[in-house]
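Asker: My questions will all concern the structure given below.
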């Protein structure tokens, strides 16, 4: 009978220890982030930063061709220097009257 009580006590102690470790690893509250969306479409770069901040940059002079994504990388590097990290990227195309215009979206974020 003593062996069973000791084994039950050890099992309860192990459960308590495991529960404490799991609770310590869980975040107290979810992190919040600031986001920036950079889009390269044709010869234009569109930057949406937060609520109400939108910028359109014409990059035709910086590129040899509308497929050139150098200005996009330059903008992404600027935001990375400000503490943002690339969170997601999505290449896609838009249908237009003269064919498909390539577009690339990059979503960046940094903790508040």
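Numbering (mature numbering (1 follows the signal peptide of the UniProt record, and there is no 0)), first residue to last: -23 to -1, 1 to 89. Glycine is no exception: its CB is placed at the ideal position from the N, C-alpha and C atoms.
1) Measure the alpha-carbon distance for residue 66 versus residue -6 and round it to whole angstroms.
2) Of the residues -2, 10 and -4, which one's Cα is nearest the Cα of residue 84?
3) Please give the ranges of any alpha helix (DSSP H) in the stretch 13 to 40, keeping only runs that are unbroken, at least 4 residues long and fully inside the region.
4) Assign residue 87 to one of three DSSP states: helix, strand, or coil.
5) Let me check understanding here. Comparing Cα to Cα, which of 87, 79 and 31 lies closest to residue 46?
6) What is the DSSP secondary structure of residue 46, counted as helix, strand or coil?
7) Express the C-alpha separation of residue 48 and residue 41 in angstroms, rounding to a whole number.
8) From this set, 87, 39 and 52, which residue's C-alpha is nearest residue 32's C-alpha?
9) With 16 other CB atoms within 10 Å as the buried threshold, where does residue 35 fall?
Answerer: Taking the definition as stated:
1) Here residue 66 refers to the residue found at position 89 when the chain shown is read from its first residue. Here residue -6 refers to the residue found at position 18 when the chain shown is read from its first residue. About 38 Å.
2) In the chain shown, counting from the first residue as 1, residue 84 sits at position 107. Ranking the options by Cα distance to residue 84, first place goes to 10.
3) none
4) Position 110 of the chain shown, counted from the first residue, corresponds to residue 87. DSSP places residue 87 in strand when its eight states are reduced to three.
5) The count along the chain shown starts at 1 and reaches residue 46 at position 69. For residue 46, the nearest C-alpha among the options comes from 79.
6) Within the chain shown, numbered from 1, the residue matching residue 46 stands at position 69. If DSSP states are grouped into helix, strand and coil, residue 46 belongs with coil.
7) Translated into positions along the chain shown, residue 41 becomes position 64. Translated into positions along the chain shown, residue 48 becomes position 71. If you take the alpha carbons of residue 41 and residue 48, they lie about 11 Å apart.
8) Within the chain shown, residue 32 is the residue found at index 55, counting from 1. Residue 52 is the option with its Cα nearest to residue 32.
9) For the purposes of this step, residue 35 is identified with residue 58 of the chain shown, where counting begins at 1. Exposed.
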